[in-house]
Amino acid sequence: MVRHHNHTIINVILSLATIFFLSHTTHAQDKPLILSCGGSPGSAKDADGRSWDPDDKFLSAGAKSVTAKSDVQDPSLPSEVPYMTARIFQSEAKYQFPLKDAKSRVMLRLHFYPSSYPNFDISKSYFAVVAGGVTLLNNFSASISAEALSQAYFIKEFFLAPLDSPTLDVTFTPAAGAFAFVNGIEVLPIPTIFDSDPALAGTVGAGADATGATTVPISDSSMETMFRLNVGGQYVSPVNDSGGLMRSWYDDSVYLYGAGTGVAVAANVSIAYKTMPSFMAPLDVYSTYRSMGAYKDVNKKSNLTWIFEVDPNFMYMLRFHWCDSEMTRSNQRVFNIYINNKTAEYDVDVFAMTMATATPVKKDFVARVGSDSSSQLWVSLHPSESARSQFADALLNGLEIFKLSDVAKMNLAGPNPTISDLMRKYQDSHMGPASFAKEQSTITTVIITGAGGACAVGLAFVVCLFIYQRKRRDPKGEGATTWLPISWNSNSSSTTIKSSVSGRSQGKTISSDAACNCRYFSLTEIIGATKNFDESNVIGVGGFGKVYKGVVDGDTMVAIKRSNPSSDQGINEFQTEIEMLSRLRHRHLVSLIGFCEDNGEMILVLPKEQVSLADWALRCARNGTLEDIIDPQLQGKMNQESLKKFMETAEKCLADHGTDRPSMGDVLWNLEFALQLHENPDHKRDESAATGSVDFQGQIDQNSIMAMHRSILNLEEEDDEDDEEARKSKNESDNPDEIFSQIVNPTGR
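If you count by mature numbering (1 follows the signal peptide of the UniProt record, and there is no 0), then the sequence shown holds residues -28 to -1, 1 to 721, one letter each, in order.
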């Protein structure tokens, strides 16, 4: 009895120990592998606080590699870890990662920072990557990819099909005479996020395709993430993603096509996951959306369209995320989905899919991009005509696009991206080919170098002496080390702007007056103010580049505009905005705090205003003091009827409800009419006849708009020669200063 009792106790203890061991082992294996390639022993944390471990223990025996540290840290890097170190392979090498569940998908991320590494020319890096038998990359150049993307670093994300193996092998194979490298690797076990076979676009309502299929099986397909968008919202960082998957969700506005960009809306209701798990997408994605707007007649004649550049000869899975926070019953907002001009789904009613308000839902579709078509993938939403819904509208909260591997070929690799025409044009016109003079004799080189050095030292001494004497005469110069001094070049009173790509002079200049009226910021100050250009601080994107919120001098909130190197207009805007904004000193207009051009950057620092110019203008209109909104230099020169018409149009544009605001056609017509009233005050027209046909509720046909548009534009043809000469003379005398040339450029920004 005693012996039996002891055996029972021992069995219980062993059982508990086994359960503890298994649970501990399972937990350990569930932990994702986050590796800093080439990193030093011990864990290192990135800017988000994630720990990155060394990668060397996962390299297979016999793998030859070297570690390297980048010579340059680009300001756009989110953190030093894992991008400032790399593991470089000059021959084939393999990683082996243990897997807990061989029957589940695995997420694999490869981080690349194609920078300058000692003894390695990054432009000569070409390699292939194979994971689990699937070719992920082939003849891949990270340098070309980064240049085409206009990014210093990038991430390749893959979802590998179940491997039926206890390990995941990832093999790097450099091309002949080249090398392979990688900065960071993530291997994450993931939940079942691909839970059903998607419908094939083009088969709805028309039966199956040529093979008889209406859906595409994806259980055996590996995938590459091509795009992940927070539609209508801002960038969502990995730390704000759901399910611990650390995904990045990007702004969709850069992919919108045409004038019908819709409106971005933020939901003000509580969102509840009822029909699907929360790891499908974070709340931030379902809290914002893009819809077509409130103009029913306009929406019926237009689409909400996005265009994406993809690799041809692949199938693509598109995941649509919705969460309708406005509709309260079925058949209020119903729309169709088109992918590459093929109908993916008719009569999509988000509320009917969930039968609840503010409830997330998703749906997947597959489309093929063949070799006979362009490398573009079009996604369009259009209000359903057959449903006769209450509103003619469409909406979208999020969109993910995945490239599917060919199960037979086991391939996901596409060609290296091509540099855009705009980028190529920029490089050809501004950077130019590098020229290197042939070496002369050693004696000649020494003489020229010595003479040049002596001249440089002498010139520097003269300039320093001159500045010193000037500072002694000007006590205000004391201590102003963070402000840009006046250029002392006798031939030019300007400061040269450099390209943010090459650092070479672009011939653009900032006048010394403008430079002295604003502060010069160092790049270190800008990086500190924006937390190293953290994407979570982005508050806007424009033709110039991204706008970040930041803090300078401890507690001063500012808006920091950083140029986009691929925009040729950015250089002109940089000069123009410094010249113009440095002169503005008006309590209702934003003036310039300062700028930065370190390391070829083009950055503007502006006040982050908390006041509203629109509110002030409306208050002036209500108080009958419209003259207050006119620049003092223009007061008394504006036609009052023109100003009144301009203000009436502005007031309608600022209506609280979208249905009360005019269409863009109406706005254009009224602004042109206001301009004609200003330029041709003697040519009175029957304003009631001119404006009576314009219905600001949007009930006007497009032909009438165009007819009125042409009529207004042709007013000048009725002028006689004397009026024409008088007006021409007046216009010449009233030409705006050249500083506003970029602002009044008719081609737009």
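Think of the CB as a built atom: it goes at the ideal place given N, C-alpha and C, for glycine as much as any other residue. No experiment lies behind these values; they were computed from the predicted model shown.
Item	Value
Using the three-state DSSP reduction, which class does T143 fall into: helix, strand or coil?	strand
Helix, strand or coil for C592? Go by DSSP, reduced to three states.	helix
Going straight from the alpha carbon of S614 to that of L647, what length do you get?	7 Å
Within 10 angstroms of its Cβ, does K334 collect 16 or more other Cβ (buried), or is it exposed?	buried
Could you spell out the range, first to last residue, of the alpha helix (DSSP H) harbouring T496?	495 to 501
Should L626 go down as buried or exposed, given a rule of 16 or more other Cβ atoms within 10 Å for buried?	exposed
What's the C-alpha gap between Y520 and K503?	10 Å
Looking only at its own chain, which residues have a Cβ that is under 7 Å from the Cβ of N642, when we skip the five neighbours before and after it?	K617, T621
Looking only at its chain, what residues have a beta carbon closer than 7 Å to the beta carbon of P13, apart from the 5 residues adjacent to it on each side?	P26
Could you give the distance in angstroms between the alpha-carbon of T528 and the alpha-carbon of I565?	11 Å
What is the C-beta distance between Y222 and W278, in whole angstroms, given that I count them as a contact (C-beta under 8 Å)?	Not quite, the Cβ-Cβ distance comes to about 12 Å (not below 8 Å), so this is no contact.
On the premise that D570 lies in contact with L640, defined as a C-beta separation below 8 Å, what is that separation, rounded to the nearest angstrom?	So it is not a contact: roughly 42 Å between Cβ atoms.
Quick check: the Cα distance between V208 and P50, rounded to an integer number of angstroms?	14 Å
What are the uninterrupted segments assigned as beta strand (DSSP E) that are 3 or more residues long and contained completely in the region 273 to 328, given in chain order?	276 to 281, 286 to 294, 307 to 311, 314 to 320
Quick one: is D638 buried, meaning 16 or more other Cβ sit within 10 Å of its Cβ, or exposed?	buried
Among S193, G522, E497, which one has its Cα closest to the Cα of E507?	G522
Closest by CA to V176, which one among V44, Y492, N313, P146?	N313
Is I309 buried or exposed, if buried means 16 or more other CB atoms sit within 10 Å of its CB?	buried
Using a Cβ-Cβ cut-off of 7 Å (strictly less than) and excluding sequence neighbours within five positions of V188, which residues of its own chain qualify?	D169, P170, L172, M287, V338
Any idea what DSSP makes of D638, helix, strand or coil?	helix
Kindly indicate which residue of A35, F84, K36, Q68 has the alpha-carbon position closest to the one of E52.	F84
Alpha carbon to alpha carbon, how far is P4 from residue 732? Give it in angstroms, no decimals.	Summary: the structure shown does not reach residue 732, with the chain confined to residues -28 through 721, and so no result is reported for it.
For L615, which of helix, strand or coil comes out of DSSP?	helix
Alpha carbon to alpha carbon, what distance is there between N202 and G370?	5 Å
In angstroms with no decimal places, state the Cα-to-Cα distance between S191 and A133.	7 Å
Taking all protein chains shown into account, do 16 or more other C-beta atoms lie within 10 angstroms of the C-beta of R305, making it buried, or fewer, making it exposed?	buried
Please report the residue range of the alpha helix (DSSP H) in which S117 lies.	114 to 121
Short check: CB of N155 to CB of G10, under 9 Å?	yes
Thinking just about the alpha-carbon of each residue, which of I162, V530, N111, T233 is nearest to the one in G215?	I162
Checking 9 Å against the spacing of the C-beta atoms, do Y98 and A147 come in under that value?	yes
Taking the beta strand (DSSP E) that V519 falls in, what are its first and last residues?	517 to 524
Quick one: Cα of D224 to Cα of G204, how far?	7 Å
Could you pull the DSSP bridge partners for D223 from this structure?	N202
Got a sec, what are the start and stop residues for the beta strand (DSSP E) V235 sits in?	235 to 238
Does DSSP classify L553 as helix, strand or coil?	helix
Quick one: residues in its chain with C-beta nearer than 8 Å to the C-beta of S358, no 5 flanking neighbours on either side, listed in chain order?	Y318, D319
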